[in-house]
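Enquirer: Input: one structure, supplied below.
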Amino acid sequence: MDLVRHLECFVAVAEEQHFGRAAARLGMAQPPLSQRIQRLERELGVRLFERSSRHVTITKAGTLLLTEARELLLRSESLLATARRIRDGESGLLRAALPPDVSGETVAALLARFRRGHPGLELELHELPTAEQLARFATHELDVGLIHHPCDITGLELGPVLRRELGVLLPRDAPSAGRPAIPLPALSDHDLILFPRANAPALYDELLTTCARNGYTPAAVRHGQGASFVRGLVLSTGAVAFGPRDDRPADRPTRDAHGHDEPDVVWRPIAGAPLAWRHSVAWPRGRGDAAVEAFARAATDALRTAAGATPDVPTRPLHLRPASEFWL
Amino acid sequence: MTDTLGRLHAAFADAGVTGRLHALDIDSGAQVDFGADRSVCTASVHKLCLLVTLHRQAAEGRLDLTEQIECPPDGRTPGPTGLAAMLDTVRMSLRDIAYLMMTVSDNAAADLLLDRVGLDTVNRTTARLGLSRTHAAHTFGELLATIKEDAGPHGARALTDPHVLTRLRALDPDRSNRSTPRDMTRLLGAVWRDEACVPEHGEAIRRLLGLQVWPHRLASGFPFDDVHVAGKTGTLPTVRNEVGVVEYPDGGRYAVAVFTRTANPAATLPAADAVIGTAARIAVDALRAP
Numbered sequence: 001m002d003l004v005r006h007l008e009c010f011v012a013v014a015e016e017q018h019f020g021r022a023a024a025r026l027g028m029a030q031p032p033l034s035q036r037i038q039r040l041e042r043e044l045g046v047r048l049f050e051r052s053s054r055h056v057t058i059t060k061a062g063t064l065l066l067t068e069a070r071e072l073l074l075r076s077e078s079l080l081a082t083a084r085r086i087r088d089g090e091s092g093l094l095r096a097a098l099p100p101d102v103s104g105e106t107v108a109a110l111l112a113r114f115r116r117g118h119p120g121l122e123l124e125l126h127e128l129p130t131a132e133q134l135a136r137f138a139t140h141e142l143d144v145g146l147i148h149h150p151c152d153i154t155g156l157e158l159g160p161v162l163r164r165e166l167g168v169l170l171p172r173d174a175p176s177a178g179r180p181a182i183p184l185p186a187l188s189d190h191d192l193i194l195f196p197r198a199n200a201p202a203l204y205d206e207l208l209t210t211c212a213r214n215g216y217t218p219a220a221v222r223h224g225q226g227a228s229f230v231r232g233l234v235l236s237t238g239a240v241a242f243g244p245r246d247d248r249p250a251d252r253p254t255r256d257a258h259g260h261d262e263p264d265v266v267w268r269p270i271a272g273a274p275l276a277w278r279h280s281v282a283w284p285r286g287r288g289d290a291a292v293e294a295f296a297r298a299a300t301d302a303l304r305t306a307a308g309a310t311p312d313v314p315t316r317p318l319h320l321r322p323a324s325e326f327w328l
Numbered sequence: 329m330t331d332t333l334g335r336l337h338a339a340f341a342d343a344g345v346t347g348r349l350h351a352l353d354i355d356s357g358a359q360v361d362f363g364a365d366r367s368v369c370t371a372s373v374h375k376l377c378l379l380v381t382l383h384r385q386a387a388e389g390r391l392d393l394t395e396q397i398e399c400p401p402d403g404r405t406p407g408p409t410g411l412a413a414m415l416d417t418v419r420m421s422l423r424d425i426a427y428l429m430m431t432v433s434d435n436a437a438a439d440l441l442l443d444r445v446g447l448d449t450v451n452r453t454t455a456r457l458g459l460s461r462t463h464a465a466h467t468f469g470e471l472l473a474t475i476k477e478d479a480g481p482h483g484a485r486a487l488t489d490p491h492v493l494t495r496l497r498a499l500d501p502d503r504s505n506r507s508t509p510r511d512m513t514r515l516l517g518a519v520w521r522d523e524a525c526v527p528e529h530g531e532a533i534r535r536l537l538g539l540q541v542w543p544h545r546l547a548s549g550f551p552f553d554d555v556h557v558a559g560k561t562g563t564l565p566t567v568r569n570e571v572g573v574v575e576y577p578d579g580g581r582y583a584v585a586v587f588t589r590t591a592n593p594a595a596t597l598p599a600a601d602a603v604i605g606t607a608a609r610i611a612v613d614a615l616r617a618p
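Those protein sequences? They're chains A and B, same order as listed. Per my numbering, the very first residue in the first sequence carries number 1; after that it's consecutive. Per my numbering, the very first residue in the second sequence carries number 329; after that it's consecutive.
So, in structure tokens, the structure goes:
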């Protein structure tokens, strides 16, 4: 008996509570599914489901076995993924992803490190936003990726969380542009340019909440993300934008055809560094192997050295309110 | 229906949460299923299972709900409300302890009742009611203890650390108190149809669910004075849940169970609370559409 295949059937019926739906999910017909469940019950010597004409309910014995069945399936996937990679020595394929805002230098440093450590391993690297990476983890189309926090990390394992400090992009002639570090309340007269909220609602809200907490509530938020478009908005509307230190534009004026300095955009740190992109490498729980670990190490090292990222340690107090219902 | 599922997906995404929902027309059986069979952590929603168990025990004559219990402050399960937050000895009836457990999610009250009926009895009751995917692994004190242990020496502030969150046993349905949205609407439907308990006890359960004080989740989706909302919330780091029943003056009554995980680990996230009401309204409107 192919135990793994039979357990897949067991888990599907347990989750769908319906033979027809489980069969559709498994891409098979209902009679062979029923036969498999019967064969599994015979093999285990345990009745897994109570069947009536309309309902299928998992038995107590079935419930007890379900957790272990799920774990076994997860481990078998991990084994197959590793086998796929080591089939010809170490010449497998690792499907990895980076978010679009990582600088070119960081990508280059990551690739160089990864190749040095694992010359035989083929890396298929994609540029994907966090939400898309999470969707592909779920459908087994991606092995490992660098994600932005906050995001729903259910079912993931994580490498170290690193922060890339955000500074502010503002017109060179803005009154506060002369300061070495700009306190957030000093931006109060400027609108804010931010990526469209739909790209990452939780991150978008977290940024605005942190701004508000630190005394900056912009009168209006304009949406843009391409570097040239954002620069154009900063120059033409006097709005400001946030960007990481490692991806800041060169801090010098451009010169027009007549030799005059054009107004330009400058990057300044924010006093107290309250804002940051927070990243970590992530992979589905139970599917980490040597190749995934190698990518995690290379990405973490590259972020530390090429992007100046630092370990993220939560330092702010957290006051639980009564509606939190729990207490430590 | 595809439109309803699309709107639910958009509402959850917009609030920065992953949501599961089941909504059931208690009388016709019509339903909205958005991940209704996914295993979820119940958190304090499990207090509903405990309340139903308590009343079934009372109906069978195994306990007297007016019996007075002396509860000294020592050894009470911690919590921010009710007996859990009080400083002195209290003497109270079992049914008033249940009132605190349901209306302000009092953890100490819940564990006093659990002491009386036993975790096994709660699990036997949910199994008898056909909730095959519902199981309580811990008392509320034990559940909070796992969080404290897994969070480590930095306490509550560590709960915003993604690493800490990935290791919290309390957030893993396989190792925590669990159910599915469909199991919870099945339970609510049984309570409202007086199938879970005899009418006298069903009425007492419905009364307590209707006295819950929190306005920010399920009830926020129904800002209508003539619509009655009764429910029970559940909250853990990144977990925000509520299950309840919405009743319209035309007799329409709908059991709704919404279970969410937030992307952001922050404790204060008004949009994540409110989307539970928004999603419930989308589902109830779909069930009420001609």
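Glycine included, C-beta positions come from ideal geometry on N, C-alpha and C.
If you check the beta carbons only, do Leu493 of chain B and Thr566 of chain B fall under 8 Å apart?
Expert: Contact: yes.
Enquirer: For Asp335 of chain A, which residues in the same chain have their Cβ closer than 7 Å to its Cβ, ignoring the five residues on either side in sequence?
Expert: What is shown of chain A runs 1 to 328, which leaves residue 335 of chain A out entirely.
Enquirer: Consider the Cβ of Thr606 of chain B: report whether some Cβ of chain A lies at a distance smaller than 8 Å.
Expert: False, the Cβ-Cβ gap to chain A never drops below 8 Å.
Enquirer: Is Val450 of chain B buried or exposed, if buried means 16 or more other CB atoms sit within 10 Å of its CB?
Expert: Buried, by the Cβ-count rule.
Enquirer: Suppose only complete runs of 3+ residues qualify. What are the beta strand (DSSP E) ranges in the segment 403 to 488 of chain B, listed by chain order?
Expert: List check, beta strand (DSSP E) in window: 418 to 421.
Enquirer: Are there 16 or more other CB atoms within 10 angstroms of the CB of Gln385 of chain B, so buried, or fewer, so exposed?
Expert: Buried, by the Cβ-count rule.
Enquirer: Any beta-carbon of chain B closer than 8 Å to the one on Glu157 of chain A?
Expert: With 8 Å as the cut-off, Glu157 of chain A counts as an interface residue toward chain B.
Enquirer: At what residues does the alpha helix (DSSP H) containing Ala341 of chain B begin and finish?
Expert: Per DSSP, Ala341 of chain B belongs to the alpha helix (DSSP H) from 330 to 342.
Enquirer: Just verifying my parser: in three-state terms, what is the DSSP assignment at Leu320 of chain A?
Expert: Three-state DSSP puts Leu320 of chain A in coil, outside helix and strand.
Enquirer: At what residues does the alpha helix (DSSP H) containing Pro490 of chain B begin and finish?
Expert: 490 to 495 is the span of the alpha helix (DSSP H), which, as asked, contains Pro490 of chain B.
Enquirer: How many angstroms separate the CA atom of Ile292 of chain A from the CA atom of Ala306 of chain A?
Expert: A small fix is needed here, since residue 292 of chain A is Val in this sequence, not Ile. Near 21 Å, if we compare the C-alpha coordinates of Ala306 of chain A and Val292 of chain A.
Enquirer: Grouping DSSP H, G and I as helix and E and B as strand, with all else coil, what is Ser529 of chain B?
Expert: Here residue 529 of chain B is His; the residue named in the question, Ser, does not match the sequence. Of the three classes helix, strand and coil, the one that applies to His529 of chain B here is helix, per DSSP.
Enquirer: For Arg115 of chain A and Arg297 of chain A, what's the separation of their Cα atoms in angstroms?
Expert: One C-alpha to the other measures close to 12 Å.
Enquirer: Could you pull out every residue in the same chain whose Cβ sits closer than 6 Å to the Cβ of Ala358 of chain B, ignoring the five residues on either side in sequence?
Expert: Excluding sequence neighbours, Ala358 of chain B sits near Leu615.
Enquirer: At the level of alpha carbons, what is the spacing between Asn432 of chain B and Asp502 of chain B?
Expert: In the sequence as displayed, the identity of residue 432 of chain B is Val instead of Asn. Using only the alpha carbons, I get a separation of about 27 Å.
Enquirer: At the 8 Å Cβ level, is Leu378 of chain B part of the contact set with chain A, yes or no?
Expert: It does not: the Cβ of Leu378 of chain B has no partner Cβ on chain A nearer than 8 Å.
Enquirer: Rounded to the nearest angstrom, how far is the Cβ of Leu123 of chain A from that of Leu146 of chain A, given a contact under 8 Å?
Expert: In fact, because the Cβ distance is near 13 Å, the residues do not count as touching under 8 Å.
Enquirer: Taking all protein chains shown into account, decide if Gly89 of chain A is buried (16 or more other Cβ within 10 angstroms of its Cβ) or exposed.
Expert: Because the pLDDT at Gly89 of chain A is just 44, under 50, the model does not fix this residue reliably, and the value given afterwards should be weighed accordingly. Classification of Gly89 of chain A: exposed, given that the 10 Å Cβ count is below 16.
Enquirer: Looking at Arg574 of chain B: is its Cβ nearer than 8 Å to the Cβ of Phe550 of chain B?
Expert: Looking at the sequence shown, residue 574 of chain B is not Arg but Val. Yes. Within cutoff.
Enquirer: For Ser236 of chain A, report the span of its alpha helix (DSSP H) as first-last.
Expert: 227 to 237 is the span of the alpha helix (DSSP H), which, as asked, contains Ser236 of chain A.
Enquirer: What three-state label does DSSP hand Pro618 of chain B in the structure shown?
Expert: Three-state DSSP puts Pro618 of chain B in coil, outside helix and strand.
Enquirer: Among the residues of its own chain, which have a CB less than 7 Å from the CB of Leu352 of chain B, if the five just before and after it don't count?
Expert: Within the same chain, Leu352 of chain B has close Cβ partners Gln359, Thr513, Gly517, Tyr582, Ala583.
Enquirer: Strictly under 8 Å for the Cβ-Cβ distance: is Trp520 of chain B near chain A by that measure?
Expert: Judged by the 8 Å Cβ criterion, Trp520 of chain B is not in contact with chain A.
Enquirer: Is the CB-CB distance between Ala282 of chain A and Ile153 of chain A below 8 Å?
Expert: Yes.
Enquirer: Is the CB-CB distance between Val265 of chain A and Arg172 of chain A below 8 Å?
Expert: Yes. Within cutoff.
Enquirer: Is Thr106 of chain A helix, strand or coil by DSSP?
Expert: Reduced to three states, the DSSP call for Thr106 of chain A is helix.
Enquirer: For Leu3 of chain A, count neighbouring C-beta atoms within 10 Å of its own C-beta (all shown protein chains included) and say buried if the count is 16 or more, exposed if not.
Expert: Flag for Leu3 of chain A reads exposed.
Enquirer: Span of the alpha helix (DSSP H) holding His374 of chain B?
Expert: Segment 374 to 387, the alpha helix (DSSP H) holding His374 of chain B.
Enquirer: Using a Cβ-Cβ cut-off of 8 Å, state whether His149 of chain A counts as contacting chain B.
Expert: With 8 Å as the cut-off, His149 of chain A counts as an interface residue toward chain B.
Enquirer: Given this structure, state the Cα-to-Cα distance separating Gly308 of chain A from Gly104 of chain A, to the nearest angstrom.
Expert: Cα to Cα, Gly308 of chain A sits roughly 14 Å from Gly104 of chain A.
Enquirer: Report the three-state DSSP secondary structure of His55 of chain A (helix, strand or coil).
Expert: Coil, per DSSP.
Enquirer: Which residue comes first and which comes last in the alpha helix (DSSP H) that contains His6 of chain A?
Expert: Element bounds for His6 of chain A: 3 to 16.
Enquirer: In chain order, which continuous runs of the alpha helix (DSSP H) of length 4 or greater are located wholly inside the segment 266 to 295 of chain A?
Expert: Segments of the alpha helix (DSSP H) lying fully in the segment 266 to 295 of chain A: there are none.
Enquirer: Relative to the alpha-carbon of Glu15 of chain A, which residue among B:Cys525, B:Thr409, B:Thr508, B:Arg545 has its alpha-carbon at the smallest distance?
Expert: When only C-alpha atoms are compared, the closest one is B:Thr508.
Enquirer: Could you check whether the segment 270 to 277 of chain A touches the segment 131 to 147 of chain A, counting it as contact only if at least three pairs of C-beta atoms, one from each stretch, sit closer than 8 Å?
Expert: The segment 270 to 277 of chain A is not in contact with the segment 131 to 147 of chain A.
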